[in-house]
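All remarks here apply to the structure that follows.
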Amino acid sequence: MADQTRSRLSHQEVWQRWKENKDADARNTLIELYLPLVDYVSSRMAAGLPKNVTKDDLVSNGSMGLIDAIEKFDYRRGLQFETYASWRIRGAIIDGLRQGDWVPRSVRDKAKKMEDAYAVLEQKLLRSASDDEICAYLNISEKDFQQMLQEVAVAAVFSLEDPIRDEESETRLTLLVDDKAINPESKVHETYLKDSLKIGIEKLTAKERIVVSLFYYEDLSLSEIAEVMSLSPSRISQLHSKAILRLRGALSKHREQLLYNG
């Protein structure tokens, strides 16, 4: 306990030297201290990405996010830096992936078709749409449906990281995970968005809800979730993809309502 207290005090001193004195050595110490966080976040994200995306690329982009977090973090507020930095690191990695445009246009189009199918059917049925119902709506076979799920799985990795509105940086996932992330100026929009997320989550199947909970709340990787649920990683990936498509469908309806009411 005493060691932990001394460690916290020493970290506080380093933050103070950096923020108040702009001590470059203190800044470098902080980067070295929290660099393992970049490796951790990169490893989790790499699990669901194509093989052509290397972990080194993720670490490189994530390191820029860590540096940005160290530059902007206010240690005097008493917040936990690891939580703040994780979001910055993840955001920097996602920005790098977007700039690389590694998801083909055809895959994005398929994801949008499936998202729209879930939105339309679940609004009509007022329950979760089954795989058979989605197949019938899209006029495709079960085999083609499974293939589409495999293809859009990579696009679902950061689908909840998209901005709520094009001109803003706040994402859907910040609302799903952290209530403190609310921007007072758009609180009304975000209240409706949370309601949409709640409805969307309620429409997920039991297994999909478990995957979402373990991935976004318990911070487990898809491989770890596979072990917990005694399912194959590919099956977990499919469940994650379907859950995200359902949630995006619910959120797309929310966006339409905002535009209509605006």
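Quick note, the sequence shown lines up with residues 1 to 262 if you use full-length UniProt numbering.
No residue lacks a Cβ here, since even glycine has one placed at the ideal position from N, Cα and C.
Taking the alpha carbon of residue i as the reference point, which residue from the options has its own alpha carbon closest?
i, options, result
"residue 41", "59, 21, 54 and 33", "59"
"residue 219", "45, 134 and 245", "45"
"residue 20", "214, 76, 56 and 145", "76"
"residue 53", "136, 94, 213 and 231", "94"
"residue 107", "153, 98 and 15", "153"
"residue 235", "126, 84 and 223", "223"
"residue 68", "233, 92 and 80", "92"
"residue 26", "34, 35, 15 and 36", "15"
"residue 84", "124, 120 and 34", "34"
"residue 36", "66, 212, 13 and 140", "66"
"residue 74", "24, 12 and 122", "12"
"residue 43", "31, 80, 86 and 29", "86"
"residue 137", "225, 121, 147 and 215", "121"
"residue 247", "112, 99, 232 and 97", "112"
"residue 24", "39, 70 and 64", "70"
Between which two residues does the alpha helix (DSSP H) harbouring residue i extend?
i, result
"residue 139", "Premise fails: residue 139 is in no alpha helix (DSSP H) and is neither H nor E."
"residue 106", "105 to 125"
"residue 43", "24 to 46"
"residue 232", "That residue, residue 232, is in no alpha helix (DSSP H); it is neither H nor E in DSSP."
"residue 65", "55 to 72"
State the DSSP-derived secondary structure class of residue i, mapped to helix, strand or coil.
i, result
"residue 130", "coil"
"residue 207", "helix"
"residue 221", "coil"
"residue 169", "The predicted position of residue 169 is uncertain, since its pLDDT is 46 and thus under 50; a value taken from the coordinates is nonetheless stated next. Residue state, collapsed to three classes: coil."
"residue 79", "coil"
"residue 92", "helix"
"residue 163", "The predicted position of residue 163 is uncertain, since its pLDDT is 46 and thus under 50; a value taken from the coordinates is nonetheless stated next. Correct three-state label for residue 163: strand."
"residue 239", "helix"
"residue 1", "The predicted position of residue 1 is uncertain, since its pLDDT is 42 and thus under 50; no value can be drawn from it."
"residue 153", "coil"
For residue i, count neighbouring C-beta atoms within 10 Å of its own C-beta (all shown protein chains included) and say buried if the count is 16 or more, exposed if not.
i, result
"residue 238", "buried"
"residue 118", "buried"
"residue 208", "buried"
"residue 169", "Model confidence at residue 169 stands at a pLDDT of 46, short of 50, so the residue's coordinates are unreliable; what they give is reported in the following sentence. Label assigned to residue 169: exposed."
"residue 78", "exposed"
"residue 198", "exposed"
"residue 115", "buried"
"residue 243", "buried"
"residue 126", "exposed"
"residue 226", "buried"
For the putative contact between residue i and residue j, defined by C-beta atoms under 8 Å, what is the C-beta separation to the nearest angstrom?
i, j, result
"residue 250", "residue 200", "3 Å"
"residue 149", "residue 221", "Their Cβ separation, rounded to whole angstroms, is 19 Å, which puts residue 149 and residue 221 out of contact at 8 Å."
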